[in-house]
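Below: one structure, written as structure tokens.
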Amino acid sequence: MFEFVRTHQRLMQFLLLLLIIPSFALVGLQSYSSFGDGANTVAKVAGQPITQQEWDAALRQQMDRMRQAFGDRFDPKMVETPQAKQGVLDNLIAQRVLVAAVGSEHLSVSDQSLQQAIMGVPELHGADGKFDNERYKALLAAQGMTPTMYEARLRQDMAMQQLNGAVQTTAFTPKTVATRLSDINDQERDVQELLFKTADYAAQVKVTDAMLQDYYVKNAKEFEIPEQIKADYVVLDSAAVAAQVTVSDADIKSYYDNNLSRYTTPEERRASHILVSVKKDAPAAELAAAKAKAEGLLAEVRKNPADFAKVAKANSQDTASAEMGGDLGYFGPGMMVKPFEDAAGKLKQGEISGLVQSDFGYHIIEVTGIKPAVIKPIDEVKADIGAEIKKQLAARKFTELAEAFSNTVYEQADSLKPVADKMHLQIQSAANLGRQPNPAAAPATAPYNNPKFLAALYSDEALKNKHNTEAIEIAPNTFIAGHVVEYKPVTKRSFDEVKAIISDKVTRTEEAALAKKAGEEKLAALKAQDSASGFGAVQTVSRVKNQGVNPVAFEALMKANVNKLPAYVGVVLPQQGYGLYRIAKVGQPAAQDQARRTAEQQQITSVLGQQEMLAYVDVLKEKAKVKILKPVATITAGGDDKQN
Numbered sequence: 001m002f003e004f005v006r007t008h009q010r011l012m013q014f015l016l017l018l019l020i021i022p023s024f025a026l027v028g029l030q031s032y033s034s035f036g037d038g039a040n041t042v043a044k045v046a047g048q049p050i051t052q053q054e055w056d057a058a059l060r061q062q063m064d065r066m067r068q069a070f071g072d073r074f075d076p077k078m079v080e081t082p083q084a085k086q087g088v089l090d091n092l093i094a095q096r097v098l099v100a101a102v103g104s105e106h107l108s109v110s111d112q113s114l115q116q117a118i119m120g121v122p123e124l125h126g127a128d129g130k131f132d133n134e135r136y137k138a139l140l141a142a143q144g145m146t147p148t149m150y151e152a153r154l155r156q157d158m159a160m161q162q163l164n165g166a167v168q169t170t171a172f173t174p175k176t177v178a179t180r181l182s183d184i185n186d187q188e189r190d191v192q193e194l195l196f197k198t199a200d201y202a203a204q205v206k207v208t209d210a211m212l213q214d215y216y217v218k219n220a221k222e223f224e225i226p227e228q229i230k231a232d233y234v235v236l237d238s239a240a241v242a243a244q245v246t247v248s249d250a251d252i253k254s255y256y257d258n259n260l261s262r263y264t265t266p267e268e269r270r271a272s273h274i275l276v277s278v279k280k281d282a283p284a285a286e287l288a289a290a291k292a293k294a295e296g297l298l299a300e301v302r303k304n305p306a307d308f309a310k311v312a313k314a315n316s317q318d319t320a321s322a323e324m325g326g327d328l329g330y331f332g333p334g335m336m337v338k339p340f341e342d343a344a345g346k347l348k349q350g351e352i353s354g355l356v357q358s359d360f361g362y363h364i365i366e367v368t369g370i371k372p373a374v375i376k377p378i379d380e381v382k383a384d385i386g387a388e389i390k391k392q393l394a395a396r397k398f399t400e401l402a403e404a405f406s407n408t409v410y411e412q413a414d415s416l417k418p419v420a421d422k423m424h425l426q427i428q429s430a431a432n433l434g435r436q437p438n439p440a441a442a443p444a445t446a447p448y449n450n451p452k453f454l455a456a457l458y459s460d461e462a463l464k465n466k467h468n469t470e471a472i473e474i475a476p477n478t479f480i481a482g483h484v485v486e487y488k489p490v491t492k493r494s495f496d497e498v499k500a501i502i503s504d505k506v507t508r509t510e511e512a513a514l515a516k517k518a519g520e521e522k523l524a525a526l527k528a529q530d531s532a533s534g535f536g537a538v539q540t541v542s543r544v545k546n547q548g549v550n551p552v553a554f555e556a557l558m559k560a561n562v563n564k565l566p567a568y569v570g571v572v573l574p575q576q577g578y579g580l581y582r583i584a585k586v587g588q589p590a591a592q593d594q595a596r597r598t599a600e601q602q603q604i605t606s607v608l609g610q611q612e613m614l615a616y617v618d619v620l621k622e623k624a625k626v627k628i629l630k631p632v633a634t635i636t637a638g639g640d641d642k643q644n
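Quick note on the UniProt record's numbering: the sequence shown kicks off at 1 and runs consecutively.
Here is the structure:
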């Protein structure tokens with residue numbers, strides 16, 4: 001197969017991600033628009049606006065990416081902080097200045113490289129291993145993109161990768177620096193432990209009722225039962241709308257007839273070729289020499305067609321296929337460069353072409369097999385078509401119902417029954433709802449566990465006036481409205497109810513204090529007069545070998561000043577007591593792990609390369625005269641300025 005269909009696996013995985021999941025990075029690659037200047041502009045880069053809509057879209061895509069990454073553990077607050085929103089805006093700005101830099105540096109990606117990248121994605125190949133052009137188009141259509149749109153974005157992204165690689169490869173790590181850091185990582189310390197356990201001081205603790213009452217008063221918040229709401233709610237989402245949509249056999253037949261190409265496996269051809277390599281823009285003398293050589297080979301195979309494979313193996317300059325007698329296997333539309341595909345498409349099986357010139361040189365083509373196009377019968381794809389039509393109709397109907405949903409919960413605010421009856425929705429209930437989402441009580445994806453919905457339930461309109469909440473969009477194509485059924489204010493558990501809990505806490509606190517006091521007294525004595533008496537066995541620890549050591553103690557051990565040995569470290573160990581440690585020896589291991597040291601040097605270089613890239617972006621931002629017209633702290637997604 002041609003070299004242009006050979007790919008780099010890591011890049012291919014990245015390209016598949018772009019096809020299946022909307023890439024957050026691509027937001028910044030949208031065409032610059034002069035629309036939205038003034039109140040709609042969040043920032044300007046080289047005089048070009050970043051609009052509120054672009055920023056909102058970037059926030060939504062970041063939200064979707066994190067929701068997919070974290071699943072049930074996703075918390076919308078991760079994206080709603082000022083820092084997270086600023087990060088999204090900074091990324092948009094960085095993308096803009098990098099796009100400009102790609103242009104100013106005249107970086108480009110050839111058609112060959114672009115084709116190579118797309119055709120190399122394994123998931124875009126059919127069961128027979130061949131590139132599936134229809135699957136490619138379908139995946140893009142699902143993201144609202146055409147091949148032309150996607151390929152323009154991909155070309156831009158690949159050019160930016162060139163720029164990123166050029167900058168990051170300037171970083172290097174001096175060997176002395178890497179060695180010093182690895183030495184610190186490898187440094188070993190011989191330590192012994194003397195543990196003052198809290199349980200050993202239980203007999204000395206005397207807890208009185210006065211101590212318990214004092215704790216109860218001073219830590220009242222611990223014993224509060226937060227305010228809670230029980231609420232009814234209705235949800236309008238794609239599934240609810242789809243349940244109201246029906247698809248007829250006539251609809252399916254019409255769709256099938258109008259989209260027949262989607263259910264057609266195009267004709268595939270198998271061909272062998274002989275390639276005489278020469279660039280299309282080579283000097284005239286080189287072109288003439290290559291053409292003359294190709295004409296000689298053409299005459300030879302036309303004289304003895306049975307020797308085509310033999311001639312290809314001996315003379316073809318496409319080394320990969322030459323080993324197989326020039327065989328390229330079966331291929332479909334779009335898998336070969338156009339001149340080659342056009343010529344092969346005109347040949348009958350067993351025919352040999354004339355000379356065909358492409359960007360790679362002169363080809364002599366022999367078609368060795370033809371698989372005719374195959375159309376899937378309607379019965380085979382009926383279910384898929386029905387689902388697709390239903391999805392499209394539901395999406396169209398959702399827009400209509402969303403407005404009616406919002407109007408009904410507002411206009412008939414005393415109950416959710418009118419909207420439920422009108423929209424054929426189920427009224428559901430949820431209890432023990434606080435002001436903030438509670439992932440321990442319900443998944444973050446539960447509709448009622450949404451911060452915007454909970455805020456609406458606790459608003460005066462819903463809580464005091466007993467009205468429905470407004471219709472709230474909690475996810476793409478998902479609206480919720482609620483009605484407060486019952487409200488419980490903050491209450492406090494009685495002293496008698498929590499007395500046993502307080503007693504246990506006070507006892508543990510007193511035990512820990514006694515253990516710490518005894519440990520600190522022993523530490524002071526050892527600093528005055530060294531002794532290993534009472535300590536446990538020697539254990540050797542390092543930053544790469546710390547198994548069996550309490551993490552809190554380990555951190556203190558590695559930070560300890562060891563200029564004078566033995567050195568002593570005292571650490572409070574939560575839930576255990578007080579740990580006293582004796583460091584008797586410091587040194588390097590007898591044998592070094594050279595593979596790990598090499599990896600560490602590479603990691604340091606990678607970090608430095610990223611810093612170089614960040615510094616480069618900062619320079620580009622300065623040159624582009626970036627202006628933040630609306631600081632993130634003053635605006636919310638959707639463009640509403642916060643009122644002071």
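Cβ atoms here follow ideal geometry from the backbone N, Cα and C, with glycine treated the same way. Since this is a predicted model, take the numbers as computed values, not measurements.
Contact under 8 Å by Cβ, residue i with residue j
i, j, result
"L425", "A240", "yes"
"Y362", "A294", "yes"
"G325", "S272", "yes"
"L89", "A57", "no"
"I389", "Y255", "yes"
"K130", "Y458", "no"
"K516", "Y578", "yes"
"I583", "V99", "no"
"L114", "R155", "yes"
"I370", "E267", "yes"
"G354", "L298", "yes"
"L416", "Y201", "no"
"F196", "V498", "no"
"L139", "T146", "no"
"A94", "V617", "yes"
"A171", "G609", "yes"
Residues near residue i in its chain [Cβ-Cβ closer than 7 Å; skip 5 each side]
i, result
"H8", "With a pLDDT of only 31 at H8, under 50, the local geometry of the prediction cannot be trusted, and the value read off the model is given with reservation. Within the same chain, H8 has no close Cβ partners at all."
"K382", "I252"
"L523", "Y568, G570, L580"
"N432", "Q228, A441"
"I474", "P447, N450, K452, F453, I480"
"D132", "L124, H125, G126"
Closest residue to residue i among the options (Cα-Cα distance)
i, options, result
"V337", "M119, E380, M78, A284", "M119"
"K175", "A117, D183, Q168", "D183"
"L572", "N563, L557, I583", "Here the sequence assigns Val to residue 572, which means Leu is not the residue at that position. Comparing Cα positions, the closest option is L557."
"V490", "V79, Q192, I225", "I225"
"I352", "L433, K303, I474", "K303"
"V367", "G350, F360, K77", "G350"
"Q428", "A231, T173, D75", "A231"
"V311", "D318, T319, E300, A320", "E300"
"F340", "A553, F360, T264, L608", "F360"
"A532", "V562, V245, Y581", "Y581"
"G332", "P574, R135, E473", "R135"
"D111", "M78, A152, E105, D384", "A152"
"A455", "Q228, R270, F554", "Q228"
"R65", "E54, M78, Q53", "M78"
"R189", "N546, N550, G434", "N546"
"E510", "V485, G536, Q576", "Q576"
"L347", "I365, L526, D209", "I365"
"D249", "V626, G126, Q162, I385", "I385"
Close Cβ partners of residue i (< 6 Å) along its chain, the five nearest in sequence each way excluded
i, result
"Y448", "Y233, A430"
"H467", "A413, E461"
"V109", "R155, M158, A159"
Cβ shell of residue i (< 8 Å), same chain only, five flanking positions each side left out
i, result
"A178", "R597, E600, Q601, I604"
"T408", "P418, V419, K422, M423"
"D75", "P437, P439, A444"
"A290", "V276, S277, V278, A282, G361, Y362"
"Q539", "D190, V191, Q192, E193, G548, V549"
CB-CB length for residue i against residue j, believed under 8 Å
i, j, result
"F405", "F479", "6 Å"
"V562", "V586", "5 Å"
"D186", "V544", "7 Å"
"N164", "M613", "6 Å"
Any C-beta of chain D under 8 Å from that of residue i
i, result
"P437", "Here there is only one protein chain, and chain D is not present."
**OP:** Please determine if the region 196-213 and the region 505-516 are in contact, where contact requires at least 3 C-beta pairs separated by less than 8 Å.
**Re:** yes
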